[in-house]
Amino acid sequence: MTIEESGFTEPLRTTMTVRVRLSVKKSAETAVLSTAGRAGGHSSMNSLVEAAIQRELESLATQFNEGDPFPPNDGRFRKGRPAMTNTRDGDEA
Numbered sequence: 057m058t059i060e061e062s063g064f065t066e067p068l069r070t071t072m073t074v075r076v077r078l079s080v081k082k083s084a085e086t087a088v089l090s091t092a093g094r095a096g097g098h099s100s101m102n103s104l105v106e107a108a109i110q111r112e113l114e115s116l117a118t119q120f121n122e123g124d125p126f127p128p129n130d131g132r133f134r135k136g137r138p139a140m141t142n143t144r145d146g147d148e149a
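Position in the sequence shown counted from 1, then plus 56, gives you this note's numbering.
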């Protein structure tokens, strides 16, 4: 069942777990603390991460999908190590 077929509309939220370098996490925390309440700032880590993911999705759509947004996943997604170990910024999984 797709998101559309489920009858849910935005803002449907879910939890996801990712691993990031400690320095990235600490810088993100400082950015949230420093920008909360300011125009263009973020009042939570969730807000910062979601905005960053959205900007990256727009960039990837432009680069790889003729500018068209990627459709929502149909529910299947791989688990474990990435399919290609050569990641964009050289990070290990």
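Beta carbons are placed, not taken as given, at the ideal position from N, Cα and C, and that holds for glycine.
query: Roughly how far, in whole angstroms, is the beta-carbon of residue 104 from the beta-carbon of residue 84, given that I think they are within contact range, below 8 angstroms?
result: Here residue 104 refers to the residue found at position 48 when the sequence shown is read from its first residue. Here residue 84 refers to the residue found at position 28 when the sequence shown is read from its first residue. Distance from residue 104 to residue 84 at the Cβ level is roughly 6 angstroms; contact confirmed, criterion being Cβ atoms closer than 8 angstroms.
- prompt: How long is the line joining the alpha carbons of residue 91 and residue 100, rounded to whole angstroms?
  reply: Along the sequence shown, one-based indexing puts residue 91 at 35. Along the sequence shown, one-based indexing puts residue 100 at 44. Here the C-alpha atom of residue 91 lies approximately 10 angstroms from the C-alpha atom of residue 100.
- prompt: Three-state secondary structure (DSSP) at residue 101?
  reply: Walking along the sequence shown from the start, residue 101 turns up at place 45. In this structure, DSSP gives residue 101 a helical state, which the three-state scheme calls helix.
message: Between which two residues does the alpha helix (DSSP H) holding residue 87 run?
response: Working through the sequence shown from its first residue, we reach residue 87 at position 31. Per DSSP, residue 87 belongs to the alpha helix (DSSP H) from 78-91.
- prompt: Taking the C-alpha atoms as reference points, what is the distance between residue 75 and residue 102?
  reply: What you label residue 75 is simply residue 19 of the sequence shown in a count that begins at 1. What you label residue 102 is simply residue 46 of the sequence shown in a count that begins at 1. Rounded to the nearest angstrom, the gap between the Cα atoms of residue 75 and residue 102 is 15 angstroms.
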